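S.K.: These protein sequence lines are chains A and B, in that order. Take any residue in the first sequence, count from 1 to its spot, add 27: that is its number in the numbering used here. Take any residue in the second sequence, count from 1 to its spot, add 7: that is its number in the numbering used here. Even for Gly, the Cβ is constructed at its ideal location relative to N, Cα and C. It should be emphasised that the depicted structure is a prediction, and the values quoted were computed from it without experimental measurement.
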Amino acid sequence: MKTLVIAEHDNAVLHPVTLHAVTAALQFGGEIDLLVAGHDCAVVAGQARRIAGVARVLHADAAHYADQLAEPLTELLRSVLAGTADHYTHVVAAAGGFARNLLPRVAARLGVAPVTDVVRIESPETFVRPIYAGNVLATVQSLDALKMLTVRATAFAAAPTGGDCPVLPLAAAADPACSRLVARQRVQGGRPDLGSARVVVSGGRALGSADNFRRLLEPLADTLNAALGASRAAVDAGFVGNDSQVGQTGRVVAPELYIAVGISGAIQHVAGMKDSRVIVAINRDADAPIFGIADYGLVADIFEAVPALTQALAGCGEGNFSS
Amino acid sequence: MKVLVAVKRVVDHNVKVRVLADGSDVDIGSAKRAMNPFDEIAVEEAVRLKEAGVASEVVVVSCGVAACQDTLRSALAMGADRAVLVDTAAELQPLAVARLLHALCQREQPQLVICGKQAIDDDAGQTGQMLAALLDWPQATNASKLRPGDGHIEVTREIDGGSEVLALTLPAVLTTDLRLNEPRFVSLPNLMKAKKKPVDSVTPESLGVDVAPRLRTLHMAPPPARTPGVRVDSVAQLMERLRAEAQVI
Ligand SMILES: Cc1cc2nc3c(=O)[nH]c(=O)nc-3n(C[C@H](O)[C@H](O)[C@H](O)COP(=O)(O)OP(=O)(O)OC[C@H]3O[C@@H](n4cnc5c(N)ncnc54)[C@H](O)[C@@H]3O)c2cc1C
Ligand SMILES: Nc1ncnc2c1ncn2[C@@H]1O[C@H](COP(=O)(O)O)[C@@H](O)[C@H]1O
Numbered sequence: 028m029k030t031l032v033i034a035e036h037d038n039a040v041l042h043p044v045t046l047h048a049v050t051a052a053l054q055f056g057g058e059i060d061l062l063v064a065g066h067d068c069a070v071v072a073g074q075a076r077r078i079a080g081v082a083r084v085l086h087a088d089a090a091h092y093a094d095q096l097a098e099p100l101t102e103l104l105r106s107v108l109a110g111t112a113d114h115y116t117h118v119v120a121a122a123g124g125f126a127r128n129l130l131p132r133v134a135a136r137l138g139v140a141p142v143t144d145v146v147r148i149e150s151p152e153t154f155v156r157p158i159y160a161g162n163v164l165a166t167v168q169s170l171d172a173l174k175m176l177t178v179r180a181t182a183f184a185a186a187p188t189g190g191d192c193p194v195l196p197l198a199a200a201a202d203p204a205c206s207r208l209v210a211r212q213r214v215q216g217g218r219p220d221l222g223s224a225r226v227v228v229s230g231g232r233a234l235g236s237a238d239n240f241r242r243l244l245e246p247l248a249d250t251l252n253a254a255l256g257a258s259r260a261a262v263d264a265g266f267v268g269n270d271s272q273v274g275q276t277g278r279v280v281a282p283e284l285y286i287a288v289g290i291s292g293a294i295q296h297v298a299g300m301k302d303s304r305v306i307v308a309i310n311r312d313a314d315a316p317i318f319g320i321a322d323y324g325l326v327a328d329i330f331e332a333v334p335a336l337t338q339a340l341a342g343c344g345e346g347n348f349s350s
Numbered sequence: 008m009k010v011l012v013a014v015k016r017v018v019d020h021n022v023k024v025r026v027l028a029d030g031s032d033v034d035i036g037s038a039k040r041a042m043n044p045f046d047e048i049a050v051e052e053a054v055r056l057k058e059a060g061v062a063s064e065v066v067v068v069s070c071g072v073a074a075c076q077d078t079l080r081s082a083l084a085m086g087a088d089r090a091v092l093v094d095t096a097a098e099l100q101p102l103a104v105a106r107l108l109h110a111l112c113q114r115e116q117p118q119l120v121i122c123g124k125q126a127i128d129d130d131a132g133q134t135g136q137m138l139a140a141l142l143d144w145p146q147a148t149n150a151s152k153l154r155p156g157d158g159h160i161e162v163t164r165e166i167d168g169g170s171e172v173l174a175l176t177l178p179a180v181l182t183t184d185l186r187l188n189e190p191r192f193v194s195l196p197n198l199m200k201a202k203k204k205p206v207d208s209v210t211p212e213s214l215g216v217d218v219a220p221r222l223r224t225l226h227m228a229p230p231p232a233r234t235p236g237v238r239v240d241s242v243a244q245l246m247e248r249l250r251a252e253a254q255v256i
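In structure tokens:
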């Protein structure tokens, strides 16, 4: 049993979801190698080698890995995995935009059927994953010799650091040079990342405008040091960027506290937040489905309740809310 | 350029799917079916490319039982030119679909293939990337804007925490995200016209593709239910509960 975990990073910082992927990989009981492929990313390899439980970091450094494009990374992974097919039994990456783009491509190259969005590992070949917007949990057994999976960071704890393993250089594979990054924009806001925030404040259609969304939800998020999320209706209406969408077809979050503001609770939204530890819903419709999954439901007008809640929280002293 | 669009027939997104009592499968029986929403977006985009004079022909493909013809008819009514049904009653997993589409691409030689970013039944999100790998073509998943050029295409795609623009050499495979466009409604006259458009039928065997599943479903279950919550009457009560009971603030 030997697992290759694919690190997610931006050449400067190892993305914390990688630690969750390592925890999932540890459940197989075998050795774990961690692949860091990028450009000028020795610092990331340095962070990666501190993860407890990792046996070796494989570090591939080349200009064509700088932008984390699927095509060159696939060729690299194919050479690593095809060369040692009798070696690795599992490939694991954290579910999310990066792995979703890459892993199926690698899998198809190797003729493997990947298992995406795994939330539980039952055995080395048996995995549980949600289907139908999380209404069903399917237990699937992989019949392939090599198992390739993406795991939800929300379902596996972060592996501790404190390890100290060797970093081995890995030769780059050829660059297929069929795709090129023209531009990339990441929303900066000084807020915690939606995927890893301790508290998420999400707004729905009820906010009515981008202006209201900011005016009402930013102060609340500020007092809680929370990430901002949204329903699809709020995103489609342009209240907030698409990267904020929580749900079946957006981000999946499971914070300690999720506050749904003016969101009805459609199954597609619920699929992305129902594993949060504590769910609060504020909605003026007492019959809104969101109350069916909320731990605390407040039937109220958001334009009154949210400022009041923000004020009450601010009154508690800010020190309590750092993540 | 010829554009090929993959459309899947799925349970309508408004249906809340349940598991059969014995956990062997989902209970979808006669539940309403529809075109996968992301595939509607894919068809819409392809038809717009044709209307803009960029695409010369739009071919839609669906793999599955004969009733997938309804899905293909909807795509034809939206403006696709012709359809191919890969007729099979076998359970199809994403890798099998990618192989079927790969075989069809070798026959049809499209310059662009557009898939949905995910099917809302299996929520796999794999097929487009796997097809791109089998064809050895570049890919842009989660597309929210296209700018076709000469021999290449620029695609804006949604990524975690933002967006990026990729330039791909053609031929290429794209998958659609929600914000790419808003699919048109199908009018009755167009639905009637679509009846006259050609629908070919092939089989996995005739394409030489083995569709045997590589993942065996052992069991299905509903997700664990959350313990019922409480209603609070005021912000003050909510604060109290969050502090004393949930201990989350
Ligand atoms: C293929 C597909 C994928 C989808 N993916 C997602 C997804 O990933 N994420 C997602 O969120 N949705 C998704 N959806 C959309 C989903 O079905 C719902 O349409 C959407 O979640 C509704 O957003 P909402 O709750 O903000 O709006 P609504 O359903 O319109 O709810 C607004 C709520 O606000 C309440 N309200 C209004 N005014 C006030 C007020 N002043 N004070 C208090 N309450 C008020 C109303 O009572 C209502 O309950 C998807 C749909 C499809 C078809
Ligand atoms: N049976 C099918 N027939 C046609 N297209 C399909 C089929 N299954 C998947 N696809 C395409 O692949 C996309 C992603 O599906 P999936 O990988 O299953 O989430 C869908 O949006 C369709 O475009």
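1) List the residues of chain A whose Cβ lies closer than 9 Å to the Cβ of B:Q7, in chain order.
2) List, in chain order, every chain B residue whose beta-carbon is nearer than 8 Å to that of A:E283.
3) Anyone know if the C-beta pair for B:I127 and B:H20 falls short of 8 Å?
4) Pull up the distance between the alpha-carbon of B:N149 and that of B:L181, whole angstroms please.
5) Which two residues bound the contiguous alpha helix (DSSP H) that contains B:H109?
6) Where do the N-terminal and C-terminal ends of the beta strand (DSSP E) with A:I59 fall, by residue?
7) Which residues of chain B have a Cβ atom closer than 9 Å to the Cβ of A:L62, listed in chain order?
8) State yes or no: is the C-beta of B:A133 within less than 8 Å of the C-beta of A:P141?
9) Where does A:F348 fall in DSSP's three states?
10) Under 7 Å: does the beta carbon of B:N43 sit that close to some heavy atom of ligand 2?
11) Does DSSP classify A:G19 as helix, strand or coil?
12) Taking only beta-carbon atoms, is A:G346 less than 8 Å away from chain B?
13) Within the chosen definition, does the region 167 to 174 of chain B reach the region 127 to 138 of chain A through at least 3 CB pairs nearer than 8 Å?
14) In three-state DSSP terms, what is A:V333?
15) Using C-beta distances below 6 Å, list every residue in its chain close to A:E58, excluding the 5 sequence neighbours before and after it, in chain order.
16) Using a cut-off of 9 Å between C-beta atoms, extract the partners of B:A98 located in chain A.
17) Against B:L249, what residues of chain A qualify as contacts under a CB-to-CB distance less than 8 Å, listed in chain order?
18) Quick one: list the residues of chain A neighbouring B:G86, beta-carbon separation under 9 Å, in chain order.
19) Counting only the same chain and skipping the five closest in sequence on each side, list residues whose C-beta sits under 7 Å from that of B:P44.
20) If you draw a straight line from the C-alpha of A:L243 to the C-alpha of B:A253, how long is it?
21) Could you tell me which residues DSSP pairs with B:V65 in its beta bridges?
22) State buried or exposed for B:G135, treating a residue as buried only when at least 16 other CB atoms are found within 10 Å of its CB.
23) Candidates A:A39, A:G268 and A:G289: which alpha carbon is nearest B:R186's?
24) Answer with yes or no whether the minimum CB distance from A:L31 to chain B is below 8 Å.
25) What would DSSP say about B:S151, mapped onto helix, strand or coil?
26) If you run the structure through DSSP and keep just helix, strand and coil, what is B:E171?
27) Using a Cβ-Cβ cut-off of less than 7 Å, list which residues of the region 225 to 238 of chain B approach chain A; keep chain order.
28) In the DSSP assignment, the beta strand (DSSP E) including B:T163 goes from what residue to what residue?
29) Could you name the residues, in chain order, whose CB is less than 5 Å away from a heavy atom belonging to ligand 1?
30) Taking contact to mean 3 or more Cβ pairs, one atom from each stretch, closer than 8 Å, check whether the region 142 to 159 of chain A and the region 74 to 94 of chain A are in contact.
31) By the 10 Å Cβ neighbour count, where 16 or more other Cβ atoms means buried, how is B:A234 classified, buried or exposed?
32) Distance check for B:P145 and B:L214, CA to CA, integer angstroms please.
33) For B:E165, count neighbouring Cβ atoms within 10 angstroms of its own Cβ and tell me buried if that reaches 16, exposed if not.
34) Ignoring anything shorter than 4 residues or poking outside the region 160 to 240 of chain B, list the alpha helix (DSSP H) runs there in chain order.
35) Could you name the residues of the same chain whose beta carbon sits closer than 8 Å to that of A:C205, not counting the 5 residues immediately before and after it, in chain order?
36) Please return the same chain residues whose Cβ sits closer than 6 Å to the Cβ of A:A248, not counting the five positions on each side in sequence.
M.R.: Looking at the coordinates:
1) With chain B running from 8 to 256 in the structure shown, residue 7 of chain B is simply not present.
2) Counting from 1 along the first sequence, the entry for residue 283 of chain A is found at position 256. Under the 8 Å cutoff, chain B gives V255.
3) The sequence position of residue 127 of chain B within the second sequence is 120, counting from 1. The sequence position of residue 20 of chain B within the second sequence is 13, counting from 1. Taking 8 Å as the Cβ cut-off, B:I127 and B:H20 qualify as a contacting pair.
4) Residue 149 of chain B sits at position 142 when you count from the first residue of the second sequence. Residue 181 of chain B sits at position 174 when you count from the first residue of the second sequence. Cα to Cα, B:N149 sits roughly 8 Å from B:L181.
5) Locating residue 109 of chain B in the second sequence gives position 102, where the first residue counts as 1. Here the alpha helix (DSSP H) through B:H109 covers P101 to E115.
6) Within the first sequence, the letter at position 32 stands for residue 59 of chain A. Its beta strand (DSSP E) spans residues E58 to G65.
7) As a first step, residue 62 of chain A is located in the first sequence; it is residue number 35 there, counting from the start. Those do not exist, as A:L62 stays about 18 Å from chain B at its closest Cβ, beyond 9 Å.
8) Taking the first residue of the second sequence as position 1, residue 133 of chain B is located at position 126. Taking the first residue of the first sequence as position 1, residue 141 of chain A is located at position 114. Contrary to the premise, residue 133 of chain B reads as Gln rather than Ala in this sequence. Against a cut-off of 8 Å, the Cβ pair of A:P141 and B:Q133 comes out as a contact.
9) As a first step, residue 348 of chain A must be located in the first sequence, where it is residue number 321. Confidence at A:F348 is low in this model, with a pLDDT of 44, below 50, so its placement is unreliable and the value that follows should be read with caution. Three-state result, A:F348: helix.
10) On the second sequence, residue 43 of chain B is found 36 positions in, with the first residue counted as 1. Yes, Cβ of B:N43 sits closer than 7 Å to a heavy atom of ligand 2.
11) No information on residue 19 of chain A is available, as it lies outside the stretch 28 to 350 that chain A covers here.
12) Taking the first sequence and counting its residues from 1, one reaches residue 346 of chain A at position 319. No answer about A:G346 holds up, because its pLDDT of 43 lies below 50 and its placement is not dependable.
13) no
14) Position 306 of the first sequence, counted from the first residue, corresponds to residue 333 of chain A. The answer is helix: DSSP assigns A:V333 an H, G or I state.
15) On the first sequence, position 31 is the one that residue 58 of chain A refers to. Closer than 6 Å at Cβ, skipping near neighbours: K29 and A82.
16) What you label residue 98 of chain B is simply residue 91 of the second sequence in a count that begins at 1. Checking the sequence shown, residue 98 of chain B turns out to be Glu, not Ala. The premise fails here: B:E98 is roughly 12 Å from chain A at the closest Cβ pair, so nothing lies under 9 Å.
17) Taking the second sequence and counting its residues from 1, one reaches residue 249 of chain B at position 242. Going along chain A in sequence order, the residues near B:L249 (Cβ under 8 Å) are L284, V305, V307 and Y323.
18) One-based indexing of the second sequence puts residue 86 of chain B at position 79. Result: empty, since nearest Cβ-Cβ is about 23 Å, beyond 9 Å.
19) Translated into positions along the second sequence, residue 44 of chain B becomes position 37. Here the set comprises H20 and I127.
20) Position 216 of the first sequence, counted from the first residue, corresponds to residue 243 of chain A. Position 246 of the second sequence, counted from the first residue, corresponds to residue 253 of chain B. When rounded, the distance between both Cα atoms is 24 Å.
21) Residue mapping note: residue 65 of chain B aligns to position 58 of the second sequence, counting from 1. Partner(s): B:V10.
22) On the second sequence, position 128 is the one that residue 135 of chain B refers to. Flag for B:G135 reads buried.
23) Here the question's residue 186 of chain B lines up with position 179 in the second sequence. Closest by alpha carbon: A:G268.
24) Counted from its first residue, the first sequence places residue 31 of chain A at position 4. For A:L31, the answer is no, since every Cβ of chain B falls outside 8 Å of its Cβ.
25) Numbered from 1 along the second sequence, position 144 holds the residue referred to as residue 151 of chain B. Residue state, collapsed to three classes: strand.
26) Numbered from its first residue, the second sequence carries residue 171 of chain B at position 164. The answer is strand: DSSP assigns B:E171 an E or B state.
27) L225, H226, M227, A228, P229, P230, R233, G236, V237 and R238
28) Locating residue 163 of chain B in the second sequence gives position 156, counting from the first residue. Taken as a continuous stretch (DSSP letters only), the beta strand (DSSP E) holding B:T163 covers H159 to I166.
29) A:G231, A:R232, A:A233, A:S258, A:R259, A:A260, A:G274, A:Q275, A:T276, A:G277, A:G289, A:I290, A:S291, A:A293, A:Q295, A:H296, A:N310, A:R311, A:D312, A:A315, A:D328, A:I329, B:H20 and B:P44
30) no
31) Mapped onto the second sequence, residue 234 of chain B falls at position 227. First, the amino acid is wrong: residue 234 of chain B is Thr here, not Ala. Burial call: exposed.
32) Taking the second sequence and counting its residues from 1, one reaches residue 214 of chain B at position 207. Taking the second sequence and counting its residues from 1, one reaches residue 145 of chain B at position 138. The alpha-carbon atoms of B:L214 and B:P145 are separated by roughly 23 Å.
33) Start at 1 with the first residue of the second sequence, and residue 165 of chain B comes out as number 158. It counts as buried.
34) 195 to 201 and 211 to 214
35) Along the first sequence, read from residue 1 onward, the residue named residue 205 of chain A stands at position 178. Taken in chain order, the residues that qualify are E98.
36) For this step, residue 248 of chain A is matched to residue 221 along the first sequence. Hits under 6 Å: V228 and L255.
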